[in-house]
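Student: Please find one structure pasted underneath; my questions will follow.
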Amino acid sequence: MEKNPAKQLTALIVRSLDICAKYLSDDVYTRLREMQRQAGLQNGENILEQRMYDAMFKDLEMADKLNRPCCQDTGVIQFFAEAGTAFPYLAELESCLREAVIQATTSVPLRPNVVEIFEEKNTGNNTGKHIPWIDWEIVPGSDKIRFYVYLAGGGCSLPGFAKVFMPLEGYEEAVKAVFDQIVSLGINACPPLLVGIGLAGQADTAAKLSKKALLRFIGTKNGNPKAAELEDKLLSSLNSIGMGPAGFSGSNSIMAVHIEEAGRHTATFAAALSTGCWAHRRTVVEINADLSYEVISHKRLDNAIF
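Our numbering numbers the first residue of the sequence shown as 1 and each following residue consecutively.
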């Protein structure tokens with residue numbers, strides 16, 4: 001590693017982007033294996049469903065073997081940082097994140113996807129105005145930083161929405177809107193999907209929470225029992241649609257449903273939807289003040305990869 005702290009931090013972020021593009025996190029990989037087994041047990045006659053899962057794992061095997069991204073659409077890079085106020089390199093972090101994206105575009109490689117609005121020109125290095133997108137949360141007194149690298153292909157955004165409902169419409173209309181979007185546009189996001197739902201009083205708050213819901217590890221539940229119950233009900237109901245892997249029909253369409261909520265105004269009820277594809281690519285890294293680090297999301301991988 002470089003002795004210069006900024007270069008060392010940048011190199012670490014580049015490596016995190018590389019891992020994110022080529023290897024699924026432990027929770028996503030495990031859930032897909034589980035769904036593959038369920039498809040074989042429940043629908044032994046649905047050969048196409050089983051073959052789609054086989055193709056997904058063959059893709060992951062080839063990505064590892066050839067050292068290539070597991071999906072050619074490596075998205076518009078987003079970072080979600082939980083930043084300790086005592087982390088010594090906080091001032092340099094944003095420039096390091098941006099430089100890391102530029103370097104990773106060549107080294108990983110990441111497909112250049114960023115097009116500047118109005119100019120309608122691809123920047124060629126995955127950076128642009130406000131891109132990479134960085135979402136900050138402050139952790140008072142901590143000297144660590146935990147950041148989430150998130151790569152989502154363009155199809156993942158197609159089912160997304162944020163809408164404010166009249167207060168009496170509430171939960172029922174919000175759930176209906178989620179179903180309408182998944183039924184009409186979910187296939188574009190390459191199922192089986194991870195469904196993130198945000199509930200709040202404003203559209204922008206709900207939208208942010210729906211994306212934050214995608215960062216949660218599969219298998220975790222909302223801490224509110226009523227929200228956790230709704231997550232389970234929606235998972236069962238959305239799977240009953242029968243969309244199946246890659247939209248070729250089958251018993252499993254949804255990996256998980258995650259809900260995040262915020263207090264709302266008495267007169268409004270907002271809901272938002274974000275979706276992650278079967279190759280839901282996020283890396284979670286925790287960095288200490290001395291720049292030692294842990295890759296939390298990919299513990300199954302050999303240490304040599306890090």
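Where a beta carbon is used, it is the ideal one built from N, C-alpha and C, also for glycine.
Straight-line CA distance for residue 2 to residue 182?
Tutor: Here residue 2 scores only 48 on pLDDT, less than 50, and its place in the model should not be relied on; the value that follows carries that caveat. Roughly 46 Å separates the two Cα atoms.
Student: With H, G and I counted as helix, E and B as strand and the rest as coil, what does DSSP make of residue 201?
Tutor: The answer is coil: DSSP assigns residue 201 none of H, G, I, E or B.
Student: As an exercise, report each continuous alpha helix (DSSP H) stretch of at least 4 residues that is fully enclosed by the segment 105 to 164, in chain order.
Tutor: Counting whole runs of 4 or more residues, the segment 105 to 164 contains the alpha helix (DSSP H) stretches 154 to 157.
Student: Whose CA, out of 134, 108, 189 and 145, lies closest to the CA of residue 159?
Tutor: If we check each option's Cα against that of residue 159, 189 comes out closest.
Student: Return the chain-ordered list of same chain residues with a C-beta closer than 7 Å to the C-beta of residue 231, the five sequence neighbours on each side being excluded.
Tutor: Cβ within range, chain order: 221, 222, 257, 258 and 259.
Student: Reducing DSSP to helix, strand and coil, say where residue 178 ends up.
Tutor: Three-state result, residue 178: helix.
Student: Can you give the beta carbon distance from residue 14 to residue 103, rounded, assuming they're within the 8 Å contact cut?
Tutor: Sure, about 5 Å apart at Cβ, within 8 Å.
Student: So the alpha helix (DSSP H) residue 19 belongs to, where does it begin and stop?
Tutor: Taken as a continuous stretch (DSSP letters only), the alpha helix (DSSP H) holding residue 19 covers 5 to 22.
Student: Check for me: the alpha helix (DSSP H) holding residue 57 runs from which residue to which?
Tutor: Counting along the chain, the alpha helix (DSSP H) containing residue 57 begins and ends at 47 to 66.
Student: Under three-state DSSP, which class holds residue 89?
Tutor: Residue state, collapsed to three classes: coil.
Student: Over the uninterrupted beta strand (DSSP E) stretch that includes residue 297, give me the two end residues.
Tutor: No beta strand (DSSP E) contains residue 297, which DSSP labels as neither H nor E.
Student: Pop quiz: residue 87 and residue 144 are said to be a contact at Cβ under 8 Å. What is the actual Cβ separation, rounded to whole angstroms?
Tutor: Their Cβ separation, rounded to whole angstroms, is 6 Å, which keeps residue 87 and residue 144 in contact under 8 Å.
Student: When you compare the CB positions of residue 219 and residue 210, do they come within less than 8 Å of one another, or not?
Tutor: No. Outside cutoff.
Student: Residue 37 to residue 142, Cα distance in whole Å?
Tutor: So the two alpha carbons sit approximately 42 Å from each other.
Student: Just tell me which of 128, 282, 30 and 56 has its CA closest to the CA of residue 213.
Tutor: Among 128, 282, 30 and 56, the Cα nearest to that of residue 213 belongs to 282.
Student: Out of 5, 31 and 21, point me to the one whose CA is closest to residue 191's CA.
Tutor: Measuring from the Cα of residue 191, the nearest candidate turns out to be 31.
Student: Using only the alpha-carbon positions, how far apart do residue 130 and residue 300 sit?
Tutor: In a straight line, the C-alpha of residue 130 is about 33 Å away from that of residue 300.
Student: Output the distance between the C-alpha atoms of residue 112 and residue 266, rounded to the nearest integer angstrom.
Tutor: Distance between the alpha carbons of residue 112 and residue 266: 44 Å.
Student: Work out the CA separation of residue 125 and residue 7 for me, nearest whole Å.
Tutor: If I take the Cα positions, the gap works out to 19 Å.
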